[in-house]
Amino acid sequence: MIGAAAVLVLATACGQQQATPQAPAESPPASQELTKVPGRKPAEPPAQDQGGSVPAAQIDSGALPRGYPVEVSAGEGGTLTITGQEGGCSQASAEVGEQRGDRVTVTMVETKPADKNTMCTMDMRYPPITVRLDEPLGDRLLVLKYTQRTE
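Laid out in structure tokens, this is it:
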């Protein structure tokens, strides 16, 4: 009888501790939050500092290896951020080449160790690589080239 009473007390106590979880109130994403001040217009979300993606039609990526990512965004002051590709022991970088009125050339460089006996992992990484142009890309064609080097 005492054992049955103990089980009943424990079951009741456990049942009281279980509360129905309430879903947290969802707030709008930070980019959609606007500050309201009586008598004033709502504050505008801050402007993005980056220019945005360069359209695929403005990129000549024919010299890149098959499967190489082609993602480029233009930023302030003539910067371009290009997705590189590296893996194992290799390191990705980029070099700005010719900058003419109608086109800009950037060479994507993959540098590998000279020692072929170096143990390397078998992973792929896609780091963002930023280069600075003399002038913003604007409507110019971006020609992406590729080269491998050993260190």
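In mature numbering (1 follows the signal peptide of the UniProt record, and there is no 0), the protein residues as written are -19 to -1, 1 to 132.
For each residue, glycine too, the CB sits at the ideal point set by N, CA and C.
The continuous beta strand (DSSP E) containing Gly78 extends over residues Gln72 to Gln80. Excluding residues up to 5 positions away in sequence, Thr131 and Glu132 lie with their Cβ nearer than 8 Å to the Cβ of Ala95 in the same chain. Val51 is not a Cβ neighbour of Val77, given a cutoff of 9 Å. For Arg130, the enclosing beta strand (DSSP E) stretches over residues Leu122 to Thr131. Cβ atoms of Val87 and Leu123 come within 8 Å of each other, at about 7 Å.
Between the alpha carbons of Lys126 and Asn98 lies a gap of roughly 28 Å. In this structure, Ile110 sits near Ile63, with a CB-CB distance shorter than 9 Å. Rounded to whole angstroms, Cys70 and Pro117 show a C-alpha spacing of 33 Å.
The criterion of a C-beta distance shorter than 9 Å is not satisfied by Val85 and Ser54. Put simply, the backbone Cα of Gly119 is about 30 Å away from that of Thr92. Per DSSP, Met89 is one residue of the beta strand (DSSP E) stretching across Arg84 to Lys93.
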